[in-house]
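Numbering (our numbering), first residue to last: 176 to 407.
As structure tokens, this is what we get:
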């Protein structure tokens, strides 16, 4: 039996909906139901908040790239960004500025709202780039590797380090430890120093490079065999 003669079930074309529903549900829970919290309190919470990102990457990798209607999703993402996300970012900044003269407790509470939205916007930007790559003809395995590598960079602490380096700290003295990088502290056990952050970032960048070289397509063919969608 040749590959071209194999009849694949139609549900494979809609396999992307499962991770989309999982990721979308958890995202709605984090953004709309749970109170904003800029601190990761443990590995379980870290994995829970990472699940929507991983689900989104699998959604994109499985998304049909050759459907005549698929590019409308990308247009919808553009509309979402310009019609809501861009304006909401400005609103969050204004709200943060509006509590500058209030108590530290009020400032921290408002910053938690801003921080949650900023993290969401970072993830949206990375995922939008991967989605555009997929609809532009990128293979599923390439989209999956690109997305997973992007997640590793997102959680690497790179932006925490560049903020620490670029920000003009009061008095001109940078903090000795990264007390605010709670997602890093989950793994290090205590606030890392600058050297510790460089090590943590380097490990994630190396892992991102390793992911980009993984033979995912070969593994997929061995695992799925004749059920491997030919258009991937």
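Where is the CB? At the ideal position from N, CA and C, for every residue including glycine.
Scanning its chain for C-beta atoms nearer than 7 Å, with the 5 sequence neighbours on each side dropped, one finds no residue around residue 189. The closest CA to that of residue 217, considering only 389, 363 and 302, is found on 363. Annotated three-state conformation of residue 368 is strand, per DSSP. Using a C-beta cut-off of 8 Å, the stretch 292-307 makes contact with the stretch 224-232, since at least three inter-stretch Cβ pairs fall below that distance. By the CB criterion at 8 Å, residue 286 and residue 271 fall inside the cutoff. Residue 299 is not a Cβ neighbour of residue 267, given a cutoff of 8 Å. Here the alpha carbons of residue 214 and residue 207 stand approximately 17 Å from one another.
Close CB contacts of residue 339 within its chain, under the 8 Å cut and outside five residues either way in sequence, are with 349, 350, 353, 369 and 372 (chain order). Among the bridge pairs identified by DSSP, residue 352 is matched with 368. By the beta-carbon neighbour count (other beta carbons within 10 angstroms, threshold 16), residue 377 is exposed.
Sequence-distant partners of residue 358 (beyond 5 residues in either direction) whose C-beta falls short of 8 Å from its own C-beta, in its chain, are 215, 221, 330 and 332. Contact check for residue 310 and residue 397: beta-carbon distance about 27 Å, past the 8 Å limit, so the pair fails to qualify. If you ignore the 5 residues before and after residue 335, its C-beta comes within less than 8 Å of the C-beta of 353, 355, 356, 359 and 372, all in its own chain and listed in chain order. Remark: C-beta atoms of residue 319 and residue 384 do not approach each other more closely than 8 Å.
Secondary structure at residue 397: helix, using DSSP grouped into helix, strand and coil. For residue 315, the enclosing alpha helix (DSSP H) stretches over residues 315-329. Membership of residue 233 in the alpha helix (DSSP H) is indicated by the continuous run 218-237. Counting only the Cα atoms, residue 195 lies some 21 Å from residue 293. Annotation for residue 323: 232 and 386 place their beta carbon closer than 7 Å to its own, counting only its chain and skipping 5 residues before and after. In this structure, the alpha-carbon of residue 273 lies about 31 Å from that of residue 199. The C-beta of residue 301 has 16 or more other C-beta atoms within 10 Å across all chains shown, which makes the residue buried. By the Cβ-count criterion, residue 269 is exposed, with fewer than 16 other Cβ atoms from all chains shown falling within 10 Å of its own Cβ. Boundaries of the alpha helix (DSSP H) harbouring residue 341: 333-341, taken from the DSSP string.
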